[in-house]
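When we follow the UniProt record's numbering, the leftmost residue of the sequence shown carries the number 1, and every step to the right adds one. Please read the structure below before turning to the comments.
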Amino acid sequence: MAVQQQARKVRADAERSTARILEAAEEVLRLQPNAPLESIAEAAGLARATVHRRFASRASLEAALADRLDQRYVLALQEARVRTAPPLVAFHRLNEIVFELKLSHRYAMQLNAPLSPAVLDGLDLLFVRLREVGAISATEPAWCRGVHLALLHEVNALPSDSPELAGAAGSSETESRARLLTRCTLGALGGERDAELFRL
Numbered sequence: 001m002a003v004q005q006q007a008r009k010v011r012a013d014a015e016r017s018t019a020r021i022l023e024a025a026e027e028v029l030r031l032q033p034n035a036p037l038e039s040i041a042e043a044a045g046l047a048r049a050t051v052h053r054r055f056a057s058r059a060s061l062e063a064a065l066a067d068r069l070d071q072r073y074v075l076a077l078q079e080a081r082v083r084t085a086p087p088l089v090a091f092h093r094l095n096e097i098v099f100e101l102k103l104s105h106r107y108a109m110q111l112n113a114p115l116s117p118a119v120l121d122g123l124d125l126l127f128v129r130l131r132e133v134g135a136i137s138a139t140e141p142a143w144c145r146g147v148h149l150a151l152l153h154e155v156n157a158l159p160s161d162s163p164e165l166a167g168a169a170g171s172s173e174t175e176s177r178a179r180l181l182t183r184c185t186l187g188a189l190g191g192e193r194d195a196e197l198f199r200l
């Protein structure tokens, strides 16, 4: 029993160290994309050897960052309740969460790692549901997803002072980007252009 408890403690310590490394890496690499692992170790408050034990190379660290981001996408789909919430509400909320992730995970976002099947399936389900309620007329979920991701990239690239982001008084930049993405995606996919459709 003591051996099992010790093993659990070692695993828990390793998981905490890994989380600290990934959090530090996201912050350090956002500011200094070519920073060495040593800088990440310092920011995490860990020995350099600990970081090298967890991540033998820069590539393995980046793979872990991409995987962590993908897990957050899965959580975003759950938080937006893509299976149960009214589809327009779920779509707009998902867009808000994604822009929040883009702010807090800028380096991982730049890695352009492929989305996992769980994320792709969640997005496809949402586009099926949007079509069922008449919010879009496009029929192929994978194509809808491609259009949405392309527009997401373009909306994210807009400078913060873009007139396209001028929203309702008191709206945050994240909210303004989410509204623009929601409106443009639904319009591109054959949705109604009536402003009432986008009053979420």
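C-beta atoms are modelled at their ideal positions from N, C-alpha and C, and glycine is treated no differently.
Open item on the list: Quick check: E38 and R48, are their CB atoms within less than 8 Å of each other?
Closed with: As a position in the sequence shown, residue 38 is number 38, starting the count at 1. As a position in the sequence shown, residue 48 is number 48, starting the count at 1. In contact: E38 and R48 (Cβ atoms closer than 8 Å).
- [ ] Taking all protein chains shown into account, decide if V133 is buried (16 or more other Cβ within 10 angstroms of its Cβ) or exposed.
- [x] Here residue 133 corresponds to residue number 133 of the sequence shown, with the count starting at 1. Counting Cβ neighbours within 10 Å, V133 comes out exposed, since fewer than 16 surround it.
TODO: Tell whether a beta-carbon distance below 8 Å holds between V98 and L151.
DONE: One-based indexing of the sequence shown puts residue 98 at position 98. One-based indexing of the sequence shown puts residue 151 at position 151. No. Outside cutoff.
Task: Burial state of A166, where buried means 16 or more other Cβ atoms lie within 10 Å - done: Here residue 166 refers to the residue found at position 166 of the sequence shown. It is exposed - the Cβ of A166 has fewer than 16 other Cβ atoms within 10 Å.
TODO: Please classify S104: does DSSP put it in a helix, a strand, or coil?
DONE: Locating residue 104 in the sequence shown gives position 104, where the first residue counts as 1. Correct three-state label for S104: helix.
TODO: May I ask which residues mark the beginning and end of the alpha helix (DSSP H) holding T174?
DONE: Counting from 1 along the sequence shown, the entry for residue 174 is found at position 174. Where T174 is concerned, the enclosing alpha helix (DSSP H) stretches over E173 to A188.
Open item on the list: Taking only three categories from DSSP, how would you classify Q32?
Closed with: Within the sequence shown, numbered from 1, the residue matching residue 32 stands at position 32. Three-state DSSP puts Q32 in coil, outside helix and strand.
TODO: Could you check what DSSP says for I136 in three-state terms: helix, strand or coil?
DONE: Locating residue 136 in the sequence shown gives position 136, where the first residue counts as 1. The answer is coil: DSSP assigns I136 none of H, G, I, E or B.
Task: Residue ranges of each alpha helix (DSSP H) within the UniProt domain "HTH tetR-type" (15-73), 4 or longer - done: 37-44 and 48-54
Open item on the list: Given this structure, state the Cα-to-Cα distance separating T18 from P114, to the nearest angstrom.
Closed with: Counting from one through the sequence shown, the residue named residue 18 turns up at place 18. Counting from one through the sequence shown, the residue named residue 114 turns up at place 114. Roughly 22 Å between the two C-alpha positions.
Task: Through-space distance from S171 to D161, alpha-carbon basis - done: Stepping through the sequence shown from its first residue, residue 161 is reached at position 161. Stepping through the sequence shown from its first residue, residue 171 is reached at position 171. Rounded to the nearest angstrom, the two C-alpha atoms are 13 Å apart.
- [ ] Tell me whether R54 is buried or exposed, calling it buried when 16 or more other Cβ atoms sit within 10 Å of its Cβ.
- [x] Here residue 54 refers to the residue found at position 54 of the sequence shown. Classification of R54: buried, given that the 10 Å Cβ count is 16 or more.
Open item on the list: Give me the residue from S104, V147, E23 and Y107 with the minimum Cα distance to D124.
Closed with: Mapped onto the sequence shown, residue 124 falls at position 124. Cα-wise, what sits closest to D124 is V147.
Open item on the list: Rounding to the nearest angstrom, what Cα-Cα distance links A64 and A108 in this structure?
Closed with: Counting from 1 along the sequence shown, the entry for residue 64 is found at position 64. Counting from 1 along the sequence shown, the entry for residue 108 is found at position 108. Their backbone Cα atoms lie some 9 Å apart in a straight line.
Task: C-alpha distance - R179 paired with V155, whole-angstrom precision - done: As a first step, residue 179 must be located in the sequence shown, where it is residue number 179. As a first step, residue 155 must be located in the sequence shown, where it is residue number 155. Computed Cα separation, rounded: 10 Å.
Open item on the list: Is it the case that the region 136-144 contacts the region 181-193, given that we only count it when at least three CB pairs across the two stretches are under 8 Å?
Closed with: yes
Open item on the list: One question on the structure: do A24 and A56 come within less than 8 Å of each other, judged by their Cβ atoms?
Closed with: Residue numbering aside, residue 24 sits at position 24 when the sequence shown is read from its first letter. Residue numbering aside, residue 56 sits at position 56 when the sequence shown is read from its first letter. Cβ atoms of A24 and A56: not closer than 8 Å.
Task: Rounded straight-line distance, which links the Cα of D70 to that of S116 - done: For the purposes of this step, residue 116 is taken as the residue at position 116 of the sequence shown. For the purposes of this step, residue 70 is taken as the residue at position 70 of the sequence shown. Between S116 and D70, the C-alpha separation is close to 7 Å.
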